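Notes for the one structure printed next.
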Amino acid sequence: MSLSILSALSEDLLVRVYEFLDPPCRKTWRLVSKEFHRVDSLSRTSITILRVEFLPVLLSKYPNLTSLDLSVCPKLDDDVVSRLALDDTVSTSRLKSLNLSRATAVRARGLETLARLCHALERVDVSHCWGFGDREAAGISVAAGLRELKMDKCLSLSDVGLARIVLGCSNLNKISLKWCMEISDLGIDLLCKKCKDLTSLDVSYLKITNDSIRSIALLPKLEVLDMVSCPLIDDDGLQYLENGSPSLQEIDVTRCDRVTLSSLVSIIRGHPDLQHLKASHCVSEVSVSFLQNIKALKHLKTLWIDGARVSDSSLLTLTSSCRALTDIGVSRCVDVSDIGMMGLARNCSNLKALNLACCGFVTDAAISAVAQSCLNLESLQLESCHLITEKGLQSLGCYSKRLQELDLTDCDGVNNRGLEYISKCSNLRRLKLGLCANISDKGVFHIGSKCSKLLELDLYRCAGFGDDGLAALSRGCKSLNRLIISYCGELTDTGIEQIRQLEHLSHLELRGLKNITGAGLAAIARGCKKLVYLDLKLCENIDDSGFWALAYFSRNLRQINLCNCSVSDTALCMLMSNLSRVQDVDLVHLNRVTVEGFEFALRACCNRLKKLKLLAPLRFLLSSELLEVLHARGCRIRWD
Amino acid sequence: METEDDLCQNNWGNSSSSKLREPVCFTSQHKWEDASILDYEMGMEEEPALQVFDHMKASSGQEHNNNNNGGQVNVDFLQGVRAQAWDPRTMLSNLSFMEEKIHELQDLVHLIVGGGRQDQQQQQHITTDLTSIIIQLISTAGSLLPSVKHNMSTAPGSALFPYPREANNLASQTLNNNSNNNLAQDFDLPKPTIVQERESHVVEEHEMKDEDDVEEGENLPPGSYEILQLEKEEILAPHTHFCTICGKGFKRDANLRMHMRGHGDEYKTPAALAKPNKEAVPGSEPTLIKRYSCPFPGCKRNKDHKKFQPLKTILCVKNHYKRTHCDKSFTCSRCHTKKFSVIADLKTHEKHCGKNKWLCSCGTTFSRKDKLFGHITLFQGHTPAIPLEESKPSAQRGSSACENNTGMVGFNLGSANQESPQPGFMDGKMSFEESFSPLCFDTCNFGGFHEFPRPMFDDSESSFQMLISSACGFSPRNGGGGSVSNTSL
Chain Y
1 MSLSILSALS EDLLVRVYEF LDPPCRKTWR LVSKEFHRVD SLSRTSITIL RVEFLPVLLS
61 KYPNLTSLDL SVCPKLDDDV VSRLALDDTV STSRLKSLNL SRATAVRARG LETLARLCHA
121 LERVDVSHCW GFGDREAAGI SVAAGLRELK MDKCLSLSDV GLARIVLGCS NLNKISLKWC
181 MEISDLGIDL LCKKCKDLTS LDVSYLKITN DSIRSIALLP KLEVLDMVSC PLIDDDGLQY
241 LENGSPSLQE IDVTRCDRVT LSSLVSIIRG HPDLQHLKAS HCVSEVSVSF LQNIKALKHL
301 KTLWIDGARV SDSSLLTLTS SCRALTDIGV SRCVDVSDIG MMGLARNCSN LKALNLACCG
361 FVTDAAISAV AQSCLNLESL QLESCHLITE KGLQSLGCYS KRLQELDLTD CDGVNNRGLE
421 YISKCSNLRR LKLGLCANIS DKGVFHIGSK CSKLLELDLY RCAGFGDDGL AALSRGCKSL
481 NRLIISYCGE LTDTGIEQIR QLEHLSHLEL RGLKNITGAG LAAIARGCKK LVYLDLKLCE
541 NIDDSGFWAL AYFSRNLRQI NLCNCSVSDT ALCMLMSNLS RVQDVDLVHL NRVTVEGFEF
601 ALRACCNRLK KLKLLAPLRF LLSSELLEVL HARGCRIRWD
Chain F
1 METEDDLCQN NWGNSSSSKL REPVCFTSQH KWEDASILDY EMGMEEEPAL QVFDHMKASS
61 GQEHNNNNNG GQVNVDFLQG VRAQAWDPRT MLSNLSFMEE KIHELQDLVH LIVGGGRQDQ
121 QQQQHITTDL TSIIIQLIST AGSLLPSVKH NMSTAPGSAL FPYPREANNL ASQTLNNNSN
181 NNLAQDFDLP KPTIVQERES HVVEEHEMKD EDDVEEGENL PPGSYEILQL EKEEILAPHT
241 HFCTICGKGF KRDANLRMHM RGHGDEYKTP AALAKPNKEA VPGSEPTLIK RYSCPFPGCK
301 RNKDHKKFQP LKTILCVKNH YKRTHCDKSF TCSRCHTKKF SVIADLKTHE KHCGKNKWLC
361 SCGTTFSRKD KLFGHITLFQ GHTPAIPLEE SKPSAQRGSS ACENNTGMVG FNLGSANQES
421 PQPGFMDGKM SFEESFSPLC FDTCNFGGFH EFPRPMFDDS ESSFQMLISS ACGFSPRNGG
481 GGSVSNTSL
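Those sequence lines, one after another, are chains Y and F.
Counting along the first sequence from 1, when you hit position 394 you're at 394 in UniProt numbering, and nothing is skipped either side.
Counting along the second sequence from 1, when you hit position 307 you're at 307 in UniProt numbering, and nothing is skipped either side.
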């Protein structure tokens with residue numbers, strides 16, 4: 001009967017229904033019937049490829065894809081791309097977005113082929129392809145319609161490559177050049193001269209000077225400018241922005257050492273519509289002129305002045321004039337105390353995010369005031385606020401029903417009672433309790449029983465809690481995908497085995513758990529199939545049986561830390577050859593592994609490794625052939 | 001004859017009209033003197049004589065405008081001279097006009113003499129009038145030029161003003177003297193004899209320069225300089241200065257003078273050590289500048305060439321001759337491709353050879369990046385080219401042949417099945433020995449693993465699967481289930 005109802009639905013109705021589904025449900029959907037599968041194939045617009053073998057098949061199966069993510073597809077290289085180009089069944093003409101982050105094995109030739117294949121390409125991400133340089137940039141520049149480009153940490157990219165991109169893709173709207181350390185003023189100048197449509201520019205960490213800012217100021221449509229930690233830029237440079245870039249809405253000058261408040265004042269004066277001002281760790285003191293000028297910013301939503309000396313009175317003045325603020329960062333502002341915070345809570349009732357990390361004088365009174373007035377609060381960072389106790393957390397539990405993120409790392413005052421109060425924030429997604437030594441199973445039990453939406457939990461060095469607490473967590477927080485229980489010394493196999501219930505777990509840190517053995521690890525490997533990141537450093541008692549299970553079941557593992565583990569030659573070889581998606585491996589201080597063991601293990605996975613940490617002496621003991629291949633495939637080796 | 005006239009006409013007309021477009025008004029005496037100084041230094045100037053000359057013409061015309069009604073006529077007349085350069089009738093009318101003017105002037109001077117008072121203003125009037133007459137005279141003489149120059153080789157001493165340059169000097173000198181009494185004397189002075197002084201280097205037929213020849217070099221009118229031509233052997237000789245005592249040769253005379261000090265005290269006097277320069281006594285007549293001709297027949301720098309362009313100095317001659325007419329025997333030791341015949345050129349090249357050449361897609365190279373970027377900004381469609389040499393190792397499977405990997409220490413252990421790792425190394429590092437336990441491959445049968453029987457970098461996933469299933473007892477995984485489930489959603 002149900003079949004007949006389903007067959008009565010026309011295809012466009014099915015498509016409509018399909019659009020309401022979450023990605024996991026869509027997976028089930030396509031298994032229902034051929035009809036449903038067809039709808040899925042035609043409606044799907046984005047895909048993340050995990051194994052390069054299936055790339056051509058999947059591309060031909062889903063003809064309407066617009067977004068293709070190849071960032072976690074370790075074996076992708078130029079050959080795959082050129083084979084793809086020869087395959088007629090593959091249609092890539094609709095692809096608009098291409099994510100090649102960390103795809104270090106794709107080089108200039110592959111990029112050029114891809115750019116030619118995908119005529120409609122608008123967004124490309126090649127961030128963290130550390131070997132990319134001018135040739136690769138020239139390959140990308142073939143995609144003339146490009147609008148967004150992310151090139152973070154393309155370490156060899158120089159002005160010449162940037163010039164190729166700028167001249168090839170003149171319609172660029174967004175470009176991120178973070179950590180492209182070779183870029184100089186000349187490149188930025190050319191970029192600003194040729195790409196007049198630029199709305200977002202990230203030049204963080206570049207060694208550019210004031211000349212670049214002068215060029216940037218000439219961009220008529222620039223809205224977002226990120227220039228974190230540009231050590232050569234000073235106030236004279238920022239002065240250019242006062243009368244330039246008229247549509248600027250967001251500026252980030254975090255950690256620009258030579259920038260002072262006076263230039264920020266000039267920027268504020270020139271841009272009354274500024275919405276986001278991020279000036280963490282570059283302002284030393286909030287001055288009167290700054291307070292007077294910031295009054296004019298009626299639309300200011302974000303203000304980060306972490307590390308500045310802000311007195312309570314100036315915080316009051318500040319918040320009373322900028323009542324639209326939703327995100328305030330005053331971490332490490334040691335002068336901030338309850339009076340200032342209460343004023344802030346009174347004035348900014350729309351507050352969504354508040355960063356009070358390392359504000360040592362903030363007490364429960366301030367937290368209560370914030371919780372009571374700012375009912376929309378979603379994120380609260382209270383790291384190292386030692387005066388906060390259960391009282392403050394009580395009001396958070398009572399009032400902050402929308403709280404999603406709470407950082408209580410290193411807050412001595414947090415105890416089991418406090419956790420009980422916090423557990424009332426039922427929408428909590430991320431909770432950090434690292435270094436809270438006063439919590440035990442009882443408190444963790446409250447979290448596990450009530451915070452069912454929790455996605456991330458950090459219990460780093462919470463030595464007080466043990467197997468029962470972990471069992472409660474594993475039972476209650478089913479959607480947890482990130483769990484940090486490093487150095488929780490009480491934990492044993494009994495507790496660890498419970499983790500297998502967390503099916504969605506992808507990031508697990510078990511560092512320094514001396515009591516767990518192969519059995520515990522095997523249970524995790526069997527249960528948590530989605531595990532992507534696993535830290536087993538200093539888990540000295542895990543024997544080969546655990547690693548063999550890991551090698552067999554955790555096929556999605558992408559990053560693994562095996563430092564100081566007692567893994568044997570064979571187990572390591574098996575891990576490295578079987579874990580076909582592993583990209584990032586730390587293999588330091590493996591006492592039981594011989595040079596040959598390393599050689600074999602690395603040979604088995606050298607075509608997919610992107611990052612590798614080894615003991616320095618191995619540099620001379622591994623065959624140069626292997627090292628060359630690793631290098632050629634874009635693997636970066638850190639010699640410890 | 002006809003064509004030459006035309007050429008001449010064109011030249012005059014062109015040069016003057018272009019200059020006259022912006023008439024500079026020299027009104028003060030001081031300015032005139034400046035002009036004359038400029039004139040003496042003409043050797044250095046780019047387009048010397050004519051300019052000064054034209055200034056004079058222009059200003060003289062204006063002065064006349066102020067003085068009398070005949071001013072306009074005067075200018076017209078000047079142009080007339082230029083337009084119909086070689087017309088006896090025009091010449092006649094010119095002469096009669098001048099005669100008239102001189103009479104006028106004579107009357108004026110008579111008047112002054114009769115009146116007994118010397119007015120400053122009147123004196124100035126006379127001076128300017130005289131100047132204009134002189135200039136007219138020169139122009140008239142200049143129009144005779146083509147006909148004169150034929151006779152020059154035969155009768156070089158003809159007392160004419162063959163070229164504007166001399167005329168110009170004369171004019172300025174006259175002005176310097178600033179007295180009409182000296183005029184006659186000055187007229188006797190002209191130095192056509194200079195032409196005579198040239199010994200063997202007979203100036204033969206020059207042709208007037210064509211307009212398209214003005215692009216480079218100085219704009220010296222032909223004949224305003226002396227032309228020297230060295231022989232090939234002379235040019236290529238390593239030394240040009242020889243010691244009269246011991247015969248040692250030197251490239252520079254300064255070096256010779258330094259050398260001479262060793263031959264006795266008489267060579268140590270300041271006078272002996274001083275540069276044996278042109279004994280330039282100020283106020284003496286300027287010597288005719290020297291220009292050089294290349295001995296290579298057919299060369300543009302050869303005086304027989306139609307569009308002859310003289311070389312300025314002996315050094316120019318040497319470099320020109322070596323660069324253009326000799327083998328390029330010096331090869332760059334860096335790139336081994338570029339060749340030079342002048343060592344200095346090689347040295348200049350070697351300084352920059354191998355450094356980053358900034359190359360544009362249009363083929364233009366730049367020594368500096370900012371210049372390249374300026375070029376790119378300026379020209380649509382030009383992009384910086386990426387040099388080929390620094391190509392990176394391609395990320396190909398089995399591309400182990402890539403040798404240019406930096407940071408790879410060539411410490412090859414051979415293949416993996418070499419059993420003992422560098423013994424000496426292990427001895428040196430005790431801590432290291434702890435990290436790597438001795439071989440323990442007995443636990444599991446690696447089969448043919450030692451030899452790596454399968455292709456070295458085979459990326460088949462199941463390479464160890466058999467091992468696992470046999471060793472651990474896990475059932476082999478269903479490989480087919482991965483196709484869709486492996487894609488995260």
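Glycine included, each C-beta is placed from N, C-alpha and C at the ideal position.
Quantities reported herein were computed from a predicted structural model and do not represent experimental measurements.
- For the region 367-387 of chain F, the set of residues with a beta-carbon nearer than 7 Å to any beta-carbon of chain Y comprises Lys-369, Asp-370, Phe-373, Ile-376, Thr-377, Thr-383, Pro-384, Ile-386, in chain order.
- Apart from the 5 residues on each side of it in sequence, Y/Ser-554 sits with its Cβ closer than 8 Å to the Cβ of Ala-525, Cys-528, Lys-529, Leu-531, Leu-534, Leu-579 in its chain, given in chain order.
- Residue-level contact by beta carbon holds for Y/Asp-134 and chain F, with a gap shorter than 8 Å.
- Taking the CA atoms as reference points, Y/Ala-472 sits about 42 Å from Y/Leu-277.
- Taking 3 residues as the shortest admissible run, the region 258-308 of chain Y contains the following complete beta strand (DSSP E) segments, listed from N- to C-terminal end: 276-278, 302-304.
- Using a 10 angstroms sphere on the CB of Y/Trp-304, the tally of other CB atoms reaches 16 or more, which defines it as buried.
- Not flagged as an interface residue toward chain F: Y/Asp-543, since no C-beta distance is shorter than 8 Å.
- Of all alpha-carbon atoms in Y/Pro-56, Y/Ser-200, Y/Gly-237, the one lying nearest the alpha-carbon of Y/Ile-208 is that of Y/Gly-237.
- Think of a sphere of 8 Å around the beta carbon of Y/Arg-164: the chain F residues whose beta carbon falls inside it are Thr-383, Pro-384, Ile-386, in chain order.
- Every beta strand (DSSP E) of 3 residues or more that sits fully in the region 576-630 of chain Y is shown, in chain order, as 584-586, 611-614.
- Secondary structure at Y/Gly-413: coil, using DSSP grouped into helix, strand and coil.
- Spanning the alpha carbons of Y/Leu-264 and Y/Gly-397 requires a straight line of approximately 38 Å.
- Taking 8 Å as the threshold, the shortest C-beta distance from Y/Lys-193 to chain F falls below it.
- The Cβ of Y/Asp-640 sits no closer than 8 Å to any Cβ of chain F.
- The beta carbon of Y/Ala-522 is closer than 7 Å to those of Ser-545, Gly-546, Ala-549 in its chain, skipping five residues each way along the sequence.
- Judged by their CB atoms, Y/Glu-136 and Y/Ser-97 are not nearer to each other than the 8 Å cut-off.
- If only uninterrupted alpha helix (DSSP H) runs of at least 4 residues are considered, those enclosed by the region 109-176 of chain Y are 134-140, 159-168.
- At least 8 Å separates the CB of Y/Val-81 from every CB of chain F.
- Separation of the CB atoms of Y/Cys-606 and Y/Arg-633 is rounded to 7 Å, and the pair is thereby assigned contact status at 8 Å.
- Judged by DSSP in its simplified three-state form, Y/Tyr-62 adopts coil rather than helix or strand.
- Bridge pairing for Y/Ile-328: Y/Leu-303, Y/Leu-354 [DSSP].
- Straight-line spacing of the CA atoms in Y/Thr-389 and Y/Asn-376 works out to 22 Å.
- As computed with DSSP, F/Gln-229 is found in a beta bridge with F/Ser-293.
- Residue state for F/Pro-384 is assigned as strand, using DSSP reduced to three classes.
- Within the region 139-164 of chain Y, Asp-159, Val-160, Ala-163, Arg-164 place their CB atoms closer than 7 Å to a CB of chain F, listed in sequence order.
- Y/Leu-502 does not reach chain F, its nearest Cβ partner there being about 17 Å away, counting only Cβ pairs nearer than 9 Å.
- Under the 8 Å Cβ criterion, the region 254-269 of chain F does not count as touching the region 329-343 of chain F, having fewer than three qualifying pairs.
- Counting every other CB atom within 10 Å of its CB across the protein chains shown gives F/Gln-121 a total below 16, marking it as exposed.
- Rounded to the nearest angstrom, the Cβ distance from Y/Asn-541 to Y/Asn-515 is 7 Å, consistent with a contact under 8 Å.
- Per the coordinates, the alpha-carbon of F/Pro-238 lies some 10 Å from the alpha-carbon of F/Lys-318.
- Between the region 92-104 of chain F and the region 133-140 of chain F there are three or more inter-stretch CB-CB distances shorter than 8 Å, so the stretches are counted as touching.
- Its chain contains His-382, Thr-383, Ala-385 as the residues whose beta carbon lies nearer than 6 Å to that of F/Ser-361, once the 5 sequence neighbours on both sides are disregarded; these appear in chain order.
- Using a Cβ-Cβ distance cut-off of 8 Å, the region 101-109 of chain Y and the region 57-66 of chain Y are not in contact, since fewer than three pairs of beta carbons, one from each stretch, lie closer than that value.
- Counting along the chain, the unbroken beta strand (DSSP E) around Y/Trp-639 starts and ends at 636-639.
- Looking only at Y/Leu-455, Y/Val-370, Y/Leu-31, Y/Met-342, the smallest Cα-Cα distance to Y/Leu-316 is reached by Y/Met-342.
- Residue-level contact check: Y/Leu-68 does not touch chain F, since none of the beta carbons of chain F fall below 8 Å from its beta carbon.
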